[in-house]
Structures are given as C-alpha cells and as structure tokens.
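Enquirer: Take this structure first; my questions come after.
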Amino acid sequence: MNAIITVVGNDKVGIIAKVSAFLAERSINIEDISQTILSGNFVMMMMVKLAEENSNLETIKAELVELGKALNVSISLMHEGVFSAMHRI
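Structural data, given as structure tokens:
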C-alpha cells in the first residue's frame, strides 16, 4: 500500500534522519522524496510503500504524530488514494 507523508516545521539538523530511521525500523520503504527549505521552514513530502504486514495506517499515523511532537514539526500520513483525490483538479 502506498501512502504520502508530509513534514513541515522549523528547519533543524536531523529531521530527515529521524523520520527515515522511523520508517526503516518499520520496514516502510521510501519510494520518492522531495524536500526544501522555504524561508527557514522545512517542507518534505514522501511517497512510501507499506508492507502488507505493516499496513495499519492509524497506528503508524499516531506514531508519526508523536515523532513530530518530539521533533517540533508537523507530520501527517495519508493513503495515496485519499491524497490524490484531495488534490485532483
């Protein structure tokens, strides 16, 4: 299953490393990634692939919210289909 992760907040060292480590520990593969700094704000979007045995989006979403709090950034997770439907013109 594919999902989209967004990370937004003040830029600081280690955000990508900690989010990537979180995903690796759960065997979640990063399929694509885009990251930039906008006026000192860190902005990252990732398309990730969850294995069937690790596809509980609600659990992973809650864990990512907690990671975001620890990093002082906002992290969200959304099923790719929902994300695509929301951003369709």
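According to full-length UniProt numbering, the sequence shown is numbered sequentially starting from 1. Even for Gly, the Cβ is constructed at its ideal location relative to N, Cα and C. Predicted model, so just to flag it, every value in this text is computed and none were measured.
#1: Please report the straight-line C-alpha distance between alanine 13 and lysine 69, rounded to a whole angstrom.
#2: Indicate whether the contact test is met: 3 or more Cβ pairs, each with one atom in the stretch 40-53 and one in the stretch 3-10, closer than 8 angstroms.
#3: Rounded to whole angstroms, what is the Cα-Cα separation between serine 20 and isoleucine 33?
#4: I need the straight-line Cα distance from leucine 64 to threonine 36, nearest angstrom please.
#5: Which runs of the alpha helix (DSSP H) spanning at least 4 residues fall entirely within the stretch 43-75, listed in chain order?
#6: On a Cα-Cα basis, can you pick out the residue from Glu58, Ser27, Val73 and Leu57 that is closest to glycine 40?
#7: Between serine 27 and glutamate 52, what straight-line distance do the alpha-carbon atoms span, to the nearest angstrom?
Expert: Considering the structure as presented:
#1: Sequence inspection shows valine at residue 13; the alanine mentioned does not correspond to that position. Taking the straight line joining both Cα atoms gives about 15 angstroms.
#2: Using a C-beta cut-off of 8 angstroms, the stretch 40-53 makes contact with the stretch 3-10, since at least three inter-stretch Cβ pairs fall below that distance.
#3: Using only the alpha carbons, I get a separation of about 11 angstroms.
#4: Leucine 64 and threonine 36: Cα-Cα distance of roughly 20 angstroms.
#5: Within the stretch 43-75, the alpha helix (DSSP H) runs of at least 4 residues that lie entirely inside it are, in chain order, 57-71.
#6: Selected option, being the one with the closest Cα: Val73.
#7: In this structure, the straight-line span from the alpha carbon of serine 27 to that of glutamate 52 is close to 10 angstroms.
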